[in-house]
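Engineer: Per my numbering, the sequence shown runs over residues 4 to 147.
After the structure tokens below, expect a handful of questions from me.
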Amino acid sequence: MKLIQIGTVSKTADETALEIEPEFWEATLNLDEFSHMICLWWIDGHDNPESRTTLIVTPKPARGNPAARSGVFACRSPLRPNPIGHSIVALKAIRPDEHKIVIDRIDANHGTPILDIKPYMPSSDCVANTVVPSWFEGLESRYS
4 MKLIQIGTVS KTADETALEI EPEFWEATLN LDEFSHMICL WWIDGHDNPE SRTTLIVTPK
64 PARGNPAARS GVFACRSPLR PNPIGHSIVA LKAIRPDEHK IVIDRIDANH GTPILDIKPY
124 MPSSDCVANT VVPSWFEGLE SRYS
């Protein structure tokens with residue numbers, strides 16, 4: 004398996020953006036017709052043997068709710084066998100001359116490698132009547 008970095012997260016005091024490598028820029032054609040995207044990124048700060056072999060963690064509590072020890076597949080811990088992060092982001096602007104997609108925010112650090120971008124599609128990306136454990140309750144809804 005081979006992953007290819009398509010860009011990098013850029014964060015300044017004024018804006019957050021996805022800087023796309025020039026050779027991949029044409030893949031953004033028609034992306035501006037969507038309001039939101041799913042960004043897949045490499046959690047490079049945890050790409051080490053210890054993080055990649057950690058299978059049980061205690062997640063940070065949501066608003067004081069005590070979190071249960073959980074397998075990494077049952078939480079959003081950055082410690083995982085394949086440190087892939089994902090964020091749903093709002094598209095604010097596209098700057099073709101800079102190969103830049105300006106977004107609202109992302110929970111990745113400045114310089115984080117970007118693996119893929121997909122348009123957010125409510126028909127398939129939004130699930131009604133989901134069930135989460137009590138220790139997940141209280142997390143703020145990001146887009147309400």
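Don't be surprised by glycine CBs; every beta carbon is placed ideally from N, CA and C.
Here the structure is a predicted model, which is why all the values come from computation and not from measurement.
Who pairs with residue 94 in a beta bridge, going by DSSP?
Structural biologist: In the sequence shown, residue 94 corresponds to position 91, counting from 1. 106, per the DSSP bridge assignment.
Engineer: Helix, strand or coil for residue 52, going by three-state DSSP, please let me know.
Structural biologist: Counting from 1 along the sequence shown, the entry for residue 52 is found at position 49. Residue 52: helix per DSSP, three-state reduction.
Engineer: Drop a sphere of 10 angstroms on the beta-carbon of residue 121, count the other beta-carbons inside from all chains shown, and report buried for 16 or more, exposed for fewer.
Structural biologist: As a position in the sequence shown, residue 121 is number 118, starting the count at 1. Answer is exposed; the Cβ neighbour count stays below 16.
Engineer: Rounded to whole angstroms, what is the Cα-Cα separation between residue 46 and residue 8?
Structural biologist: Mapped onto the sequence shown, residue 46 falls at position 43. Mapped onto the sequence shown, residue 8 falls at position 5. Computed Cα separation, rounded: 12 Å.
Engineer: Compare the beta carbon distance of residue 102 and residue 18 with 8 Å and say whether it is the shorter of the two.
Structural biologist: Counting from 1 along the sequence shown, the entry for residue 102 is found at position 99. Counting from 1 along the sequence shown, the entry for residue 18 is found at position 15. In this structure, residue 18 does not lie closer than 8 Å to residue 102 by Cβ.
Engineer: If you draw a straight line from the C-alpha of residue 167 to the C-alpha of residue 77, how long is it?
Structural biologist: This structure gives no information on residue 167, because the portion of the chain shown stretches from 4 to 147.
Engineer: Please return the same chain residues whose Cβ sits closer than 8 Å to the Cβ of residue 87, not counting the five positions on each side in sequence.
Structural biologist: One-based indexing of the sequence shown puts residue 87 at position 84. Contacts found: 43, 44, 45, 46, 118.
Engineer: To which residues of the same chain is residue 28 closer than 6 Å at the C-beta, ignoring the five residues directly before and after it?
Structural biologist: Stepping through the sequence shown from its first residue, residue 28 is reached at position 25. Cβ neighbours of residue 28 beyond the five flanking positions: 102.
Engineer: Please confirm whether residue 57 and residue 75 have their CB atoms less than 8 Å apart.
Structural biologist: Stepping through the sequence shown from its first residue, residue 57 is reached at position 54. Stepping through the sequence shown from its first residue, residue 75 is reached at position 72. The answer is yes: Cβ separation under 8 Å.
Engineer: Quick one: what's got a C-beta closer than 6 Å to residue 83's C-beta in the same chain, skipping five residues either side?
Structural biologist: The sequence position of residue 83 within the sequence shown is 80, counting from 1. Closer than 6 Å at Cβ, skipping near neighbours: 75.
Engineer: If you count every other CB in all the chains shown that lies within 10 Å of the CB of residue 147, and 16 or more means buried, which is it?
Structural biologist: Counting from one through the sequence shown, the residue named residue 147 turns up at place 144. At residue 147 the pLDDT is 43, less than 50, meaning the model places this residue with poor confidence and gives no usable figure here.
Engineer: With DSSP collapsed to three states, give me the class of residue 24.
Structural biologist: As a working note, residue 24 is residue 21 in the sequence shown. Coil at residue 24, not helix or strand.
Engineer: Going by DSSP, what residue range makes up the alpha helix (DSSP H) through residue 125?
Structural biologist: On the sequence shown, position 122 is the one that residue 125 refers to. Residues 125 to 128.
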